[in-house]
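J.:
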Amino acid sequence: MNTIRNFCIIAHIDHGKSTLADRLLELTNTVPKRLMQEQLLDSMELERERGITIRSKTIRMEYSYNGQDYILNLIDTPGHVDFTYEVMRVMNACEGAILVVDASQGVEAQTLANTFLAKKSGLKIIPVINKIDLPGADVERTILQIQESLNIEIEPIPISAKTGINVEKILETIIKQLPGSKIFDINFMSALVFDAYYDSYRGVVMFVKVLSKKISKDMQFKFSTAEGQKIYKVEELGHIKLNFVSKEELYAGEVGYIVAGVKDIHQIKIGDIITEPQIEKNLLPKIVAPEVKPYVFAGVYPLSPKDYDDLKMALQKLHLMDYSLSYKVTSSRVLGGGFHCGFLGSLHMDIVKERLEREYNLDLIVTIPNVEYKVIKIDKKEHLVDNPSDFPEPFEIEKIYEPITKTTVVTPLAYLSNVIETCKLFRAEVLDQNFIDENSVIVVFEIPLAELIVGFFDAIKSVSKGYASFDYEQIGYKEADLVKLEVLVNNEPVDSFSLIVHKDKAHNLAVKILEKLKKTIPRHMFTIPLQVKCQNKIIAREDIQSMRKDVLAKCYGGDITRKRKLLEKQKEGKKKMKSLGNVDIPKETFIELLKIDRN
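So this is what it looks like as structure tokens:
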């Protein structure tokens, strides 16, 4: 245990975590030079396209220092606020963290948030200042920011992960400063499941940290929280390198993988502990699994009804890897059967949609995102509403409470007034303001969660020329004057277009919705009225004009009454079509509605 170091790399997005992981893999000869590539651990196609880490990656490195061989288990984590759960769940498998800070950007919002998470988890933090080779690097200023705003006692290490300058010093500091792998002195096997994924051939592959004794091949075990106390047998286990390295045993303190023929995805829970079959739950080590609660909700529907079962299986497999994703069965009059899904943010929603489409070959429609509201009815009963379709009628409501966030924005002083003015458009209230140094400010706002999920990130980046960053956490609920917007197409309500908004923004948003619908719904043989209803009143209307067939083409002259008769007949036919016809709503309509600016 004294020669094992388990650590994660944490940072704000784009500060160089994955590049640093590449250099550590090179220095420890974990990956042959011929196989080395940039962002090696970001193996997912989406990660390489977007240049961000989406899922945490674990890999075992071996390094000799002063004649002693050490095992270093590295976990590379995402930096975006929407993937904070990925960071939280791996911290239970670590004893230390490398905190990477960009020398040109300094301390940013996720730097503060991840430092807080690491301290809360009891991790020893090694601060690293990256990108010192850039022309805009200010190492002295960044050191001052780390010391004053993060309160970390270890001296920051200035490096360039891109060129490899000073990276070897990080390995030395890991060995000297981080504690050995924490284990429990109990006389039976226990191991923490901190990650898992589904393999079509082998079933569930679990990543574990052994907490006590050892796990051997053919050993029997159970999940401590699973219902039914089903017993499994270890079929394969070993170390996690670039590929899996099979072993006969994993000892206390080690990190590795287990394959046990687990086919039922619902048996696995990230943060669970596996143990020997006869051991009672109350005897197990107490590991607090991070609580995760979705903030943003949207309907996900297959474009073709025959793909419903494939979508259900795909969501189950994704849920195993991403426990922050939730889903439940729902149905829509327009879209048919689907799932009402919960996400940690709009980027998380976007990534899940992309993964479902690419990895599982599904064609999907995603509805307008919403958040969860508390509604007090006139009978004094409280209801949680995360789907506009379930929103009560106006006469049934006494009070509505919306979720509120504590949002931390880190911005250069030059853009402070722009940032504050922009945040006020999103119904923000300033709570606190502190200087990191003479050029950077931390502003803490209270902002409704519904305002953050669409457009906030782009607006903040735009007014600060890309320099401002933000992080948020939900802190409770606050009473608000909210209404439901109901969209009617050809006089029929379309439940998947409904959304809940602040009363002051209702009319402007209704007009924007109708503009998008008019632009994307194709013309039919009859006029299509588009309306938005709020509190049982129509507050906006547009019409999609009908296509006109030339019924006079066959008339080469003759009596005008003949032509008039044909036109009248066409008019009557269109009236009938209008009352009977169904409107075709293309997928592009749903995509465009997701882009609507709500301000």
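Numbering follows my numbering, in which position 447 of the sequence shown is assigned residue number 428; successive positions increment by one, without gaps.
Every residue, glycine too, gets a C-beta built ideally from N, C-alpha and C.
When burial is assigned at 16 or more other CB atoms within 10 Å of the CB, is A395 buried or exposed?
T.: Burial call: exposed.
J.: Is the Cβ-Cβ distance between H(-4) and N111 less than 8 Å?
T.: Going by C-beta atoms, H(-4) is nearer than 8 Å to N111.
J.: Rounded to the nearest angstrom, what separates K459 and A84 at their Cα positions?
T.: Cα to Cα, K459 sits roughly 39 Å from A84.
J.: Going by C-alpha to C-alpha distance, which of L430, L345, P510 and L325 sits closest to I316?
T.: Just to set this straight, residue 316 is Leu in the shown sequence, not Ile. L316 has its Cα closest to that of L345, out of L430, L345, P510 and L325.
J.: Rounded to whole angstroms, what is the Cα-Cα separation between L296 and L337?
T.: Straight-line Cα distance between these residues: approximately 8 Å.
J.: Give me, in chain order, the residues of the same chain whose beta-carbon lies closer than 7 Å to that of I441; leave out the 5 immediate sequence neighbours on both sides.
T.: So the qualifying residues of the chain are V390, V400, T403, A449 and F451.
J.: Can you tell me which of the three DSSP states C515 falls into?
T.: Strand, per DSSP.
J.: Is it true that the region 228 to 244 meets the region 183 to 199, where meeting means three or more beta-carbon pairs spaced less than 8 Å apart?
T.: They touch, by the three-pair rule.
J.: Note down, in chain order, each residue of its chain lying with its Cβ closer than 7 Å to the Cβ of K309, except the 5 sequence neighbours on either side.
T.: Cβ neighbours of K309 beyond the five flanking positions: F320 and H321.
J.: Can you give me the start and stop residues for the alpha helix (DSSP H) that F97 sits inside?
T.: That run of the alpha helix (DSSP H) goes A90 to K101.
J.: Assign Q526 to buried or exposed, taking buried as 16 or more other Cβ atoms, counted over all protein chains shown, within 10 Å of its Cβ.
T.: Label assigned to Q526: exposed.
J.: Can you list, in chain order, the stretches of the alpha helix (DSSP H) that have 4 or more residues and sit fully within the region 472 to 521?
T.: Complete alpha helix (DSSP H) runs here, min 4: 487 to 501.
J.: Going straight from the alpha carbon of S37 to that of V492, what length do you get?
T.: In a straight line, the C-alpha of S37 is about 42 Å away from that of V492.
J.: Let me make sure I understand the geometry here. Which of D253, S162 and E377 has the alpha-carbon closest to that of V269?
T.: The candidate whose alpha carbon is nearest that of V269 is D253.
J.: Unbroken beta strand (DSSP E) runs of length 3 or more, entirely within the region 360 to 448: which are they?
T.: Fully enclosed beta strand (DSSP E) runs of 3 or longer: 363 to 366, 378 to 393, 410 to 416 and 421 to 429.
J.: In terms of DSSP beta bridges, what is G323 paired with?
T.: Answer by DSSP bridge pairing, in chain order: F278 and S307.
J.: Could you give the first and the last residue of the continuous alpha helix (DSSP H) run that contains T40?
T.: Contrary to the premise, residue 40 reads as Ile rather than Thr in this sequence. I40 -> not in any alpha helix (DSSP H); beta strand (DSSP E) instead, spanning K38 to Y46.
J.: What does the alpha-carbon distance come out to for the pair L433 and N342?
T.: If you take the alpha carbons of L433 and N342, they lie about 30 Å apart.
J.: What did DSSP end up calling S205 once you bin it into helix, strand or coil?
T.: S205 falls in the coil class under three-state DSSP.
J.: Counting C-beta neighbours from all protein chains within 10 Å, is the total for K(-2) 16 or more, i.e. buried, or is it exposed?
T.: Buried: at least 16 other Cβ atoms inside 10 Å.
J.: Say yes only if the C-beta of K568 is nearer than 7 Å to one or more non-hydrogen atoms of the ligand PLP, and no if none qualify.
T.: The model on display carries no ligand, and the ligand PLP is accordingly not part of it.
J.: Since L1 and V81 are thought to touch, with beta carbons under 8 Å apart, how far apart are those beta carbons, to the nearest angstrom?
T.: At roughly 6 Å, the Cβ-Cβ gap stays under 8 Å, so L1 and V81 are in contact.
J.: Can you name the start and end residues of the beta strand (DSSP E) that T256 belongs to?
T.: That run of the beta strand (DSSP E) goes I254 to T256.
J.: Less than 8 Å separating the beta-carbons of N351 and I481?
T.: Contact: yes.
J.: Suppose only complete runs of 3+ residues qualify. What are the beta strand (DSSP E) ranges in the region 46 to 73, listed by chain order?
T.: 49 to 57, all fully within the region 46 to 73.
J.: Which of helix, strand or coil does DSSP assign to S162?
T.: The answer is coil: DSSP assigns S162 none of H, G, I, E or B.
J.: Among S313, K405, I417 and I(-9), which has the Cα closest to the Cα of P474?
T.: Ranking the options by Cα distance to P474, first place goes to S313.
J.: Are the Cβ atoms of Q248 and K298 separated by less than 8 Å?
T.: No, they are not a contact pair.
J.: Do you know offhand how far T508's Cα is from K499's?
T.: About 12 Å.
J.: Within the chosen definition, does the region 406 to 423 reach the region 465 to 479 through at least 3 CB pairs nearer than 8 Å?
T.: Flag = no, the region 406 to 423 and the region 465 to 479 do not touch.
J.: Grab the span of the beta strand (DSSP E) containing S593 for me, first residue to last.
T.: The structure shown has nothing for residue 593, since the chain only spans -18 to 580.
J.: Tell me whether K497 is buried or exposed, calling it buried when 16 or more other Cβ atoms sit within 10 Å of its Cβ.
T.: That one is buried.
J.: Using a Cβ-Cβ cutoff of less than 7 Å, which residues in the same chain neighbour E216 once the five nearest sequence positions on both sides are dropped?
T.: Hits under 7 Å: V240, A241 and G242.
J.: State yes or no: is the C-beta of I355 within less than 8 Å of the C-beta of Y453?
T.: Going by the sequence as given, residue 355 is Lys instead of Ile. Not in contact: K355 and Y453 (Cβ atoms no closer than 8 Å).
J.: Identify whether N(-13) lies in helix, strand or coil by the three-state DSSP scheme.
T.: The answer is strand: DSSP assigns N(-13) an E or B state.
J.: Nearest CA to the CA of T39: which residue from F188, K546, A409 and K334?
T.: When only C-alpha atoms are compared, the closest one is F188.
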